[in-house]
Every structure is written in C-alpha cells, then in structure tokens.
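A short write-up of the structure that comes next.
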Amino acid sequence: AVVVAAGSGSRLGAPVPKALVDLDGVPLVRRSVDALVAGGVTQVVVTIPDGLAAEFASALDGVAVPVRCIVGGVTRQDSLRIGLAALDAPDDAVALVHDAARALVPAPVVTAVVASVVDGAQAVIPVVPVIDSIREVGDGDSRIVDREPLRAVQTPQAARLGALRGAHAAAAQAGAVVTDDAAVCELAGMRVTLVPGHRDALKITEPIDLALAGAILQTRNQHP
Numbered sequence: 019a020v021v022v023a024a025g026s027g028s029r030l031g032a033p034v035p036k037a038l039v040d041l042d043g044v045p046l047v048r049r050s051v052d053a054l055v056a057g058g059v060t061q062v063v064v065t066i067p068d069g070l071a072a073e074f075a076s077a078l079d080g081v082a083v084p085v086r087c088i089v090g091g092v093t094r095q096d097s098l099r100i101g102l103a104a105l106d107a108p109d110d111a112v113a114l115v116h117d118a119a120r121a122l123v124p125a126p127v128v129t130a131v132v133a134s135v136v137d138g139a140q141a142v143i144p145v146v147p148v149i150d151s152i153r154e155v156g157d158g159d160s161r162i163v164d165r166e167p168l169r170a171v172q173t174p175q176a177a178r179l180g181a182l183r184g185a186h187a188a189a190a191q192a193g194a195v196v197t198d199d200a201a202v203c204e205l206a207g208m209r210v211t212l213v214p215g216h217r218d219a220l221k222i223t224e225p226i227d228l229a230l231a232g233a234i235l236q237t238r239n240q241h242p
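Under the numbering used here, the first residue of the sequence shown carries the number 19, and numbering increases by one thereafter.
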C-alpha cells in the first residue's frame, strides 16, 4: 500500500502536518498504517513532507510490516507516482492507495477491497451512500440533486500494481488533474468496482472530524 501523508492539513489548524496529529495518543498516520496491516497489507510506502523524516520514523516505529517513508511531490498525483514507484512488488501484486487522514478505516473494508481485486476487478473503491440533501449551484440559481444514486468515495482504493502505475503515468502525460485514483483508472479505460465502505473511515480534515473520530474510538474501546 501507498499511504499519502504529504499534505499540510492546514484546515485542521494543527502545528504539525495532519498525518502527525495525535488521535487518542497515536498519530493519524500510525493508525492508518496499522489499519491497513490489520486488513492484510504486507508492505507500506508512506509519502511524507520534506524535512520530517525523523518525526514520521518515530510515529511508525514498530509497525508489523516493512514501512518506507519517502518525500512526496507537489500534488497528490505526484506523491502517488513516487509512492507507487517505490513499492517493491511485481506488477500483478494488489496495490492499495490510502489517505492517512482516513485513520479509522475498519480492517474488513481493507480486506474486501483486496478480495475484489483478487477476484478479477480492475479497480476497486469503497463507497457509502450520500445522506445529506444535495443542491447543485448554477449561475444565480440552484436545484436539488437526487441523492439516491450518489455514493461518497473513500479509501483504500486498489488495483494491480502495474496497471495502477500505468494509469498514473498516462494521466501525467495527458496533463489530467484528478483527486481520486479511481478517476485515474477510468481515464486509462479500467472498469471501477464498488464495495461497501464504512462511516468510521471518515476523512479527518477539520477539528470537528477529529472530535468525531475520538468519539468513534471511545465507542470501539467500550464495545471491542
């Protein structure tokens, strides 16, 4: 797996990059990596900000599988290309891409994503139903959008390593700017398969998300 942790996380308002922010005493990046390992991941590359190698090494000390930290790129796509290139695995290995900010993804979600690729899916993403009412804003007007067919996308997302590397290389060559790895795969002509995600795998972006994640952890501790 490649874990993207090179962002500043400015919206969280923390004095350190978001991936190093503690959640109940454990950095988000460590919780993310441990969740992937619990779901069956056997090797991890973490893309990190420049100048913070020691801090990330400390946060990830003792992980149960090999972990490498490498400096990411200017954009998420750049970081992903760097991270995928650093994975030491054959082209047919199942490769996952995960956001460090989704620190509480349940292990069964990781396992389900991997199993779907093993069963023949070209690219796999976990999703959850959209529960908010949605309006599309236009030029001076807006309209309600039917949320029934909509799904919110989570990570980890997965494909075979060779195909994922090729898709990112093609997107870079075409100058395509996307924020989602499934979109990169679709640009390369790959079919995307959906599997059920989980509400616990929220993306921690703002202070309220961190508070919610803390409440989720407290519930888990009370009902393991």
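Yeah, the Cβ is synthetic: ideal placement off N, Cα and C, and Gly gets one too.
Asked	Found
Specify the secondary structure class of Asp159 as computed by DSSP and reduced to three states.	coil
Going along the chain, which unbroken runs of the beta strand (DSSP E) with 3 or more residues stay wholly within the region 78-147?	85-89, 112-117, 141-147
Met208 and Ala141 - do their beta-carbons sit closer together than 8 Å?	yes
Specify the secondary structure class of Glu73 as computed by DSSP and reduced to three states.	helix
Could you compute how far the alpha carbon of Val22 sits from the alpha carbon of Lys36?	11 Å
Taking only the alpha-carbon atoms, compute the straight-line gap between Lys60 and Val83 and give it to the nearest angstrom.	The identity of residue 60 in the sequence shown is Thr, whereas the question assumes Lys. Each residue's alpha carbon lies about 6 Å from the other.
Val47 lies in the alpha helix (DSSP H); which residues open and close that run?	46-56
Relative to the C-alpha of Val132, which candidate in Val115, Val148, Glu73 has its C-alpha closest?	Val115
Can you tell me whether Val202 is helix, strand or coil according to DSSP?	helix
Among Ala121, Arg153, Val20, whose alpha-carbon lies nearest the alpha-carbon of Val85?	Val20
Quick check on this structure: which residue in Asp96, Arg120, Ala71 has the alpha carbon closest to the alpha carbon of Val47?	Arg120
For Ala32, which residues in the same chain have their Cβ closer than 6 Å to its Cβ, ignoring the five residues on either side in sequence?	Val39
Would Val51 and Gly101 be called neighbours here (beta carbons separated by less than 8 Å)?	no
Around the Cβ of Ala71, are there at least 16 other Cβ atoms within 10 angstroms (buried) or fewer (exposed)?	exposed
Per DSSP, which residues does Glu154 bridge with? Please list them.	Arg161
So, under 8 Å CB-CB, Val145 and Leu212 are touching, yes? Tell me the CB distance rounded to an integer number of Å.	5 Å
What is the DSSP secondary structure of Pro225, counted as helix, strand or coil?	helix
When DSSP builds the beta bridges, which residues end up paired with Pro214?	Val145
Would Val55 be called buried (16 or more neighbouring beta carbons within 10 Å of its own) or exposed?	buried
Alpha carbon to alpha carbon, what distance is there between Arg49 and Asp79?	12 Å
Count the other C-beta atoms from every protein chain shown that fall within 10 angstroms of the C-beta of Ser97, then say buried if there are 16 or more, exposed otherwise.	buried
Among residues of its own chain, excluding the 5 on either side of Ala185, which ones have a beta-carbon nearer than 6 Å to its beta-carbon?	Val202, Cys203, Ala206
Spell out the partners DSSP gives Arg169 in its beta bridges.	Pro147
Which of helix, strand or coil does DSSP assign to Gln61?	coil
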